[in-house]
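Beneath this line is the structure, given in structure tokens, with notes to follow.
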Amino acid sequence: MTRLRFTPFVAGILVIAGLFFASWLVTQATAADLKEGPGMDVPEKGTTNEYWAEWYGPHPYIKEPAPKFISRWEINEVPRNVTVYYDVNGDGFHDIVFAHPIVAENHAPACAKIPRPEQKHHWMFTTCPQNRAADYFVVREYTMFRILNQRTCSGCPLK
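In the numbering used here, the protein residues as written are 5 to 163.
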């Protein structure tokens, strides 16, 4: 009769499988108790001003405004993202904000005004001509957005 040998490798695999199974059981047992959080209130078409009508779609699909409406941008307000604030109606207050993931950083830019090859595929935000200037390259597609309520928030960051 041959004896079954448990090597440390087999024991490790069994422990990992047991942990995954236990976490799955806990998740299944507690998932029914979770309630969905409140969703974002998207204004219905026709309830916003004429500027919003240019880029608000008929479904709850948000299209980012043209770069001419950018009023401010911040680095790492959302971690590893550039947050871009837009004032689409020209009233001096931010109306909507989008977060774009940072894909590359250059902490020693030449601060020249010449276009770079990376700008074909990415947006570039730069802090030139400051001391310790940096260039931030982000993907053109946003990952998050928030419509800011001007009644309660004028020029405030993401809540």
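Even glycine gets a Cβ: it sits at the ideal position worked out from N, Cα and C. Computed from a prediction, not measured in an experiment: that's the story for all the values here.
- When secondary structure is reduced to three states using DSSP, residue 11 falls in the coil class, being assigned neither helix nor strand.
- According to the DSSP assignment, residue 90 belongs to the beta strand (DSSP E) that extends over 85-90.
- Setting aside the 5 residues that flank it on each side, residue 108 is surrounded in the same chain by 141, each with a C-beta closer than 6 angstroms to its C-beta; the list follows chain order.
- Here the alpha carbon of residue 33 sits roughly 58 angstroms from the alpha carbon of residue 118.
- When 134, 147, 24 and 93 are compared, the shortest CA-CA separation from residue 106 is found for 147.
- In the pairwise beta carbon analysis, the stretch 70-78 is classified as touching the stretch 91-102: at least three pairs are separated by under 8 angstroms.
- In the DSSP annotation of this structure, residue 135 is not part of any beta strand (DSSP E), being labelled neither H nor E.
- Residue 133 and residue 127 have their C-alpha atoms roughly 18 angstroms apart.
- Secondary structure of residue 109 (DSSP, three-state): strand.
- DSSP lists 87 and 148 as the beta-bridge partner residues of residue 103.
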